[in-house]
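Here's the structure, in structure tokens; my notes come after.
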Amino acid sequence: MEEKKSKKLTFVVALICVVLCIPIGILIGKIIYDKPENTNNTGINNTVENPSGDAAENELKDANLISKLEEFTNLLGGSYISGQTFNLYENLKLTDDEKTYFVLASLKDNWVDLTEEEKNNDENMCRNGYVTYETASSMYNKMFEGTISKNINMFPYVFENNRFYTGGCGGFTATDIIALYNYKYTLEDNIYYVYQYVGLLDFEDNQLYADVEKTKKLDGKTAENAESITSGVYELFTKYRLSFKLVNDNFIFQGIEKI
Numbered sequence: 323m324e325e326k327k328s329k330k331l332t333f334v335v336a337l338i339c340v341v342l343c344i345p346i347g348i349l350i351g352k353i354i355y356d357k358p359e360n361t362n363n364t365g366i367n368n369t370v371e372n373p374s375g376d377a378a379e380n381e382l383k384d385a386n387l388i389s390k391l392e393e394f395t396n397l398l399g400g401s402y403i404s405g406q407t408f409n410l411y412e413n414l415k416l417t418d419d420e421k422t423y424f425v426l427a428s429l430k431d432n433w434v435d436l437t438e439e440e441k442n443n444d445e446n447m448c449r450n451g452y453v454t455y456e457t458a459s460s461m462y463n464k465m466f467e468g469t470i471s472k473n474i475n476m477f478p479y480v481f482e483n484n485r486f487y488t489g490g491c492g493g494f495t496a497t498d499i500i501a502l503y504n505y506k507y508t509l510e511d512n513i514y515y516v517y518q519y520v521g522l523l524d525f526e527d528n529q530l531y532a533d534v535e536k537t538k539k540l541d542g543k544t545a546e547n548a549e550s551i552t553s554g555v556y557e558l559f560t561k562y563r564l565s566f567k568l569v570n571d572n573f574i575f576q577g578i579e580k581i
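Written as structure tokens, this is what we have:
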């Protein structure tokens, strides 16, 4: 009889515990669920969006690749080919002739001297040397891809008899020289980017401008040399981004944009 009473009492106590625990459990669960996240949790909730929009880009660290990109951009910005360089930054593109010009400029150590007979038959064209069409075409595909232009007739280059000749009587002096400074190299989706600050050196009025259109005159800055752009004011210059593709250890120029 006592055993039956004990079992009955145990059952009643258990039933009361179940009845009381369910709402308490629900209440505790709700408190935990509704608890706000800790916004001071370092490294989880303190993510800051990149306002420049280039968060996906990885800054390039490879010194060899940076050196190759710097060499290419120095060629595109070379003062001795100022006319084509100016067109690149003003028009944001290059014609086939302009691309050919840069290719021939890159082959400055590959020119073959004319023989005495060839010089005598030059008819006062003042040609200094040449590279074959095949040599220039091969370099064109390493820099731009496509078909090199045979129509080029820009001082000091001309195409004739399956050769690109260099030379010309006299010379020329450019009054406007592009000044540039590479400030960042990045890689995104197999495309390499070179970020630049670009300005213009006007030697006619000895003035340095922060843009190629000469609308942003930098007071007190002269055009004595192209290094003026790194004199502590480079961030005032116009920003550009050049893109390249790496193919068989050669950088292929893809395009240019103002940013």
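Following the working numbering, the numbering of the sequence shown begins with 323 at its first residue and continues without gaps.
Yeah, the Cβ is synthetic: ideal placement off N, Cα and C, and Gly gets one too.
Quick check on residue i - is its C-beta less than 8 angstroms from some C-beta in chain B?
| i | result |
| --- | --- |
| Thr488 | No chain B is part of this structure, which consists of one protein chain only. |
Which word fits residue i, buried or exposed, when buried means at least 16 other C-beta atoms lie within 10 angstroms of its C-beta?
| i | result |
| --- | --- |
| Gly542 | exposed |
| Lys421 | buried |
| Leu398 | buried |
| Ala385 | exposed |
| Leu414 | exposed |
| Ser471 | buried |
| Ile578 | buried |
| Gln406 | buried |
| Ile581 | exposed |
Taking the Cβ atom as the reference point for each residue, do residue i and residue j lie within a distance shorter than 8 angstroms?
| i | j | result |
| --- | --- | --- |
| Asp431 | Ile474 | no |
| Gly489 | Cys448 | yes |
| Asp498 | Leu530 | no |
| Val520 | Phe566 | no |
| Val516 | Leu391 | yes |
| Ile500 | Val555 | no |
| Glu381 | Thr508 | yes |
| Thr395 | Leu564 | yes |
| Asn504 | Gln518 | yes |
| Phe466 | Ile574 | yes |
| Phe486 | Tyr462 | no |
| Leu436 | Gly451 | yes |
Would you mind working out which of the options sits nearest residue i, comparing C-alpha positions?
| i | options | result |
| --- | --- | --- |
| Glu440 | Asn483, Leu398, Thr407 | Asn483 |
| Asn572 | Glu526, Lys561, Asp524, Tyr514 | Tyr514 |
| Val434 | Leu502, Tyr503, Val453 | Val453 |
| Phe481 | Met465, Leu564, Leu426, Tyr503 | Leu426 |
| Lys464 | Asn450, Leu540, Gln576 | Gln576 |
| Gly468 | Lys506, Ile388, Ala458 | Ala458 |
| Asp511 | Tyr562, Leu568, Tyr423, Lys383 | Leu568 |
| Glu557 | Asn443, Lys506, Ser460 | Lys506 |
| Lys561 | Lys536, Asn570, Ala532, Thr537 | Ala532 |
If you reduce the DSSP assignment to three classes, tell me which class residue i lands in.
| i | result |
| --- | --- |
| Ile574 | strand |
| Lys464 | helix |
| Thr369 | Low local confidence applies: a pLDDT of 26 at Thr369 is under 50, so the model's placement there is unreliable, and no value is given. |
| Leu558 | helix |
| Ala501 | strand |
| Val569 | strand |
| Thr361 | Annotation note: pLDDT 30 at Thr361 (below 50); position unreliable, no value reported. |
Can you list, in chain order, the stretches of the beta strand (DSSP E) that have 3 or more residues and sit fully within the segment 474-498? 479-482, 485-489
Which runs of the alpha helix (DSSP H) at least 4 residues long sit entirely within the segment 373-456? Give them in chain order. 385-398, 404-413, 418-428, 438-442
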